[in-house]
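Everything below concerns the one structure shown next.
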Amino acid sequence: MKKAIVLLSGGLDSTTALYLAKSQGFDEIYALTFLYGQKHDKELKSAVTIAKTANVKEHKVVNLLLNQWNGCALTDPEIEVENGNIERQDIPATYVPARNMVFLSVAASWADALNITDIFIGVSEVDYSGYVDCREEFIRAMENTVNLGTVLGAEKHQHITIHAPFMHMTKAEEVKLGIQLGVDYSQTWTCYRGENKPCGTCDSCLLRAKAFAEAGVEDPLITCS
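Each step along the sequence shown adds one to the number in the numbering used here, with nothing skipped, and position 48 is 61.
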């Protein structure tokens, strides 16, 4: 059995990464979702549904509470999620400090415990909101670090690979791939706001809308809302 850990937020990117891992022969998937103090649980509910639909081997939800320090619009009740600007050059208020670094560290710990050498994360440095922890140089540095800091990598010399298959893909290309893989995007949640329907105005909604428009397909999450 080929085994992999997939970081599964319940969003478009992580869900596509899960299905891609399955298509590449990883038939035993361990999904990892984080409660980090988000102001809503819409993505968490999506992640639970997606994990069941994809028939993963195990789905863990880990509580990290990154809301213990302030400054992020996704976790700080005093900061509103701003309307989007996908052409921005600055770091948006929705950036959760070092989130992917923390998530990948936890994934590496679980990988070390399970003797799994493959970790999937759905980050991209093409269509993203200016998050520094979505860049290839960061992913490669983290891969080097987890191999130095785990028994699996440092003592057993079994190289842990962090797969970031969408690093150089646009979200439109990703959507097209996901459709080919049979991803049900109506199960995913992308919006930064936790309302009944996607707001359509935050960075994440705008990037998703752009992706589906450029892919030439309707977003099922919108059409079924």
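Where is the CB? At the ideal position from N, CA and C, for every residue including glycine. Since the model is a prediction, treat every value here as computed from it, not as a measurement.
Rounded to a whole number of angstroms, what is the C-alpha to C-alpha distance between Ala185 and Val75? For the purposes of this step, residue 185 is identified with residue 172 of the sequence shown, where counting begins at 1. For the purposes of this step, residue 75 is identified with residue 62 of the sequence shown, where counting begins at 1. The straight-line gap from Cα to Cα measures roughly 30 Å.
Where in the segment 192-233 do unbroken runs of the alpha helix (DSSP H), each at least 4 residues long, occur, reported from the N-terminal end onward? 216-228
Buried or exposed (CB count within 10 angstroms, at least 16 for buried), Ser36: Here residue 36 refers to the residue found at position 23 of the sequence shown. When all chains shown are included, Ser36 counts as exposed.
Sorted by chain position, which residues of the same chain lie with C-beta nearer than 8 Å to Glu231's C-beta, five sequence neighbours on each side aside? The count along the sequence shown starts at 1 and reaches residue 231 at position 218. Same-chain partners within the cutoff: Phe225.
What beta strand (DSSP E) runs, 3 residues minimum, are completely inside the segment 99-176? 131-133 and 174-176
Enclosing beta strand (DSSP E) for Leu21 [first to last residue]: The count along the sequence shown starts at 1 and reaches residue 21 at position 8. Per DSSP, Leu21 belongs to no beta strand (DSSP E) and is neither H nor E.
Given that a residue counts as buried once 16 or more other Cβ atoms are within 10 Å of its Cβ, and exposed if not, what is Ala228? Start at 1 with the first residue of the sequence shown, and residue 228 comes out as number 215. It is buried - the Cβ of Ala228 has at least 16 other Cβ atoms within 10 Å.
Find the nearest neighbour of Asp40 within the set Gly24, Gly50, Ala154 and Ala67, judged by alpha-carbon distance. Mapped onto the sequence shown, residue 40 falls at position 27. Residue nearest to Asp40 within the set Gly24, Gly50, Ala154 and Ala67 is Ala67 (criterion: CA-CA distance).
Flag this pair as yes or no: are the beta carbons of Thr29 and Gln200 separated by less than 7 Å? Here residue 29 refers to the residue found at position 16 when the sequence shown is read from its first residue. Here residue 200 refers to the residue found at position 187 when the sequence shown is read from its first residue. The Cβ-Cβ distance between Thr29 and Gln200 does not fall below 7 Å.
I think Asp125 touches Leu165, with their Cβ atoms under 8 Å apart; what is that distance to the nearest whole Å? Position 112 of the sequence shown, counted from the start, is the residue given in the question as residue 125. Position 152 of the sequence shown, counted from the start, is the residue given in the question as residue 165. Contact flag correct, Cβ pair sits at about 5 Å.
With H, G and I counted as helix, E and B as strand and the rest as coil, what does DSSP make of Ile92? The residue labelled residue 92 in the question sits at position 79 within the sequence shown. Looking at Ile92 - three-state DSSP - the assignment turns out to be coil, as it is neither helix nor strand.
Option nearest Glu56 by Cα separation, candidates Lys210, Ile99, Glu91 and Asn80: For the purposes of this step, residue 56 is taken as residue 43 along the sequence shown, with counting starting at 1. Answer by Cα proximity: Lys210.
Apart from the five residues just before and just after Met155, which ones in its own chain have a Cβ nearer than 7 Å to its Cβ? Counting from 1 along the sequence shown, the entry for residue 155 is found at position 142. Met114, Leu117 and Ile175, listed in sequence order.
If Lys70 and Ile42 are in contact, beta carbons under 8 Å, what's the gap, nearest whole angstrom? Residue 70 sits at position 57 when you count from the first residue of the sequence shown. Residue 42 sits at position 29 when you count from the first residue of the sequence shown. Going by Cβ atoms, the distance from Lys70 to Ile42 rounds to 6 Å, so yes, they are a contact pair.
When burial is assigned at 16 or more other CB atoms within 10 Å of the CB, is Pro110 buried or exposed? What you label residue 110 is simply residue 97 of the sequence shown in a count that begins at 1. By the 10 Å Cβ count, Pro110 comes out exposed.
Look at Leu45 and Ala120 and say whether their C-beta atoms are less than 7 Å apart. Locating residue 45 in the sequence shown gives position 32, where the first residue counts as 1. Locating residue 120 in the sequence shown gives position 107, where the first residue counts as 1. Between Leu45 and Ala120, the CB-CB gap stays under 7 Å.
Once DSSP output is grouped into helix, strand and coil, what is the label at Thr236? For the purposes of this step, residue 236 is taken as the residue at position 223 of the sequence shown. Thr236 falls in the helix class under three-state DSSP.
Please work out which residues of its chain come closer than 6 Å, Cβ to Cβ, to Leu194, disregarding the five sequence neighbours upstream and downstream, and give them in chain order. The residue given as residue 194 occupies position 181 in the sequence shown. Excluding residues within five positions, the ones whose Cβ falls inside 6 Å are Tyr32 and Ser36.
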